[in-house]
Amino acid sequence: MAAAARVLHEQGVERTTLADIAREADVPVGNVYYYFKTKDELVRAALDEHTAHLDELTARLDQLPDPRDRLKALVEAWVGQRDVAARYGCPTGTLAAELGKRGEGTLDSEAGAVIRRLLEWAARQFREMRLSGADDPDDLALSLVSGYQGMSLLANALRDPGVMTREGARLLTWLDSLR
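Just so we're aligned: 46 in the numbering used here is position 46 of the sequence shown, and the numbers increase by one with no gaps anywhere.
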């Protein structure tokens, strides 16, 4: 599943073959065919891998005592992946965008569910911060994740990891400004 997620991220759904996955996983291609009969099954496995990675990351962040620190650590984790983002974009975001262009299936909504899971986690952090004013935690979460998706997209389009560094610093300043 990790090999599937990695190759789909690097090559995209349409360019990836089961043989590519087998080569990356260092297994015979027959093994891949045994577990994944179709490319859609392979994409689902990659989405499961993205979900598992997100759950692992948020579980680690949940160990931090302060919700603002959790959100800041999330941004720092994103910036830590700046070289990958500059080369390939956000793993889940690029997959969701690619799947959204397909005319059939439900995989696009399944990719959206992974992003929604991140939005829900971020909104919980904003709720715990008990911010004064009219800022809605769901809207704040949307702004945060939109900032990440935007900086990933631009870092990738410009092939400039510095975009992630600069925009990540801007997100950290924004988080600190919320009272």
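Glycine included, each C-beta is placed from N, C-alpha and C at the ideal position.
The beta carbon of S132 sits closer than 8 Å to the beta carbons of R179 from its chain, once the five residues preceding and following it are set aside; these are given in chain order.
Note that the region 148-166 touches the region 80-95; at least 3 beta-carbon pairs, one per stretch, sit closer than 8 Å. Note on geometry: alpha-carbon atoms of L140 and D26 lie some 42 Å from one another. Of the residues L175, R23, E10 and D135, the one whose Cα lies closest to the Cα of T92 is E10.
DSSP, read as helix, strand or coil, puts M1 in coil.
Less than 8 Å divides the Cβ of V145 from the Cβ of L118. With a beta-carbon spacing of about 7 Å, L8 and V43 fall inside the 8 Å limit used to define contacts. DSSP places D69 in the uninterrupted alpha helix (DSSP H) bounded by P67 to G80. With respect to E56, M1 sits apart: the two C-beta atoms are not nearer than 8 Å. With fewer than 16 other CB atoms across the displayed protein chains lying within 10 angstroms of its CB, Y34 is exposed.
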